[in-house]
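Colleague: In our numbering, each residue's number is its place in the sequence shown (first place is 1) plus 648.
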Amino acid sequence: MSVGSQEEIGQSQCRLETILHEIHEKKDAQLKEKRLDKIEEVLYQIPPCIQEQEQRVSDLEDHSLVWDRKISHLQKKLFLEAFMAAFRGQMIVYKSEQYRLRKPKIGELQKKVEKAQEALARERVGVRSSLKDWFDQRK
């Protein structure tokens with residue numbers, strides 16, 4: 649509730665109390681009738697303030713529900729992102745561990761390179777001899 653509406657309600661209460669006090673003091677029925685009319689006027693002034701406050705409260709509750717849904721969605725999204733980041737981190741660790749386990753030794757690599765060089769040299773010799781034969785046949 650805002651301060652202004654609380655003050656309005658407080659003022660309305662004071663007016664009602666003073667009118668009721670005057671009614672008790674008066675013995676004239678006509679004056680009592682006038683005072684009762686004033687009470688009705690004051691009472692008609694109060695409900696709009698209360699209705700406005702109720703509307704504001706319901707608007708705030710609706711707004712609160714919207715934000716609750718947004719927060720819930722963001723929490724789910726953050727959890728999913730954290731889960732995916734952790735999963736990616738585990739995959740990186742797993743892959744590096746697999747690489748470490750499969751990592752060939754330097755000696756084995758050197759042997760493979762030597763074998764490949766020998767095979768390449770044999771192919772070159774074979775190509776040279778076949779080219780030489782071909783040129784010889786052409787002459």
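By construction, the Cβ of each residue, glycine as well, lies at the ideal position given by its N, Cα and C atoms.
Leaving out the 5 sequence neighbours to the left and right, which residues in its chain are closer than 6 Å to LYS686 when beta-carbon positions are compared?
Modeller: In the sequence shown, the residue the question calls residue 686 occupies position 38. So the qualifying residues of the chain are ILE667.
Colleague: Give every residue of the same chain whose Cβ lies closer than 7 Å to the Cβ of LEU664, excluding the five residues on either side of it in the sequence, and list them in chain order.
Modeller: Start at 1 with the first residue of the sequence shown, and residue 664 comes out as number 16. Hits under 7 Å: ILE687, VAL690.
Colleague: Report the rounded CA-to-CA distance for TRP782 versus TYR742, giving the unit in angstroms.
Modeller: Here residue 782 refers to the residue found at position 134 when the sequence shown is read from its first residue. Here residue 742 refers to the residue found at position 94 when the sequence shown is read from its first residue. When rounded, the distance between both Cα atoms is 55 Å.
Colleague: Alpha carbon to alpha carbon, what distance is there between ARG704 and GLU656?
Modeller: On the sequence shown, residue 656 is found 8 positions in, with the first residue counted as 1. On the sequence shown, residue 704 is found 56 positions in, with the first residue counted as 1. In a straight line, the C-alpha of GLU656 is about 16 Å away from that of ARG704.
Colleague: State the Cα-Cα distance for the pair LEU768 and VAL761, rounded to the nearest angstrom.
Modeller: For the purposes of this step, residue 768 is taken as residue 120 along the sequence shown, with counting starting at 1. For the purposes of this step, residue 761 is taken as residue 113 along the sequence shown, with counting starting at 1. When rounded, the distance between both Cα atoms is 10 Å.
Colleague: To the nearest angstrom, how far is it from the Cα of ARG717 to the Cα of GLN723?
Modeller: For the purposes of this step, residue 717 is taken as the residue at position 69 of the sequence shown. For the purposes of this step, residue 723 is taken as the residue at position 75 of the sequence shown. Approximately 10 Å, taken between the alpha carbons.
Colleague: Could you name the residues of the same chain whose beta carbon sits closer than 7 Å to that of ASP784, not counting the 5 residues immediately before and after it, in chain order?
Modeller: The residue you call residue 784 lines up with position 136 of the sequence shown. Around ASP784: no qualifying Cβ.
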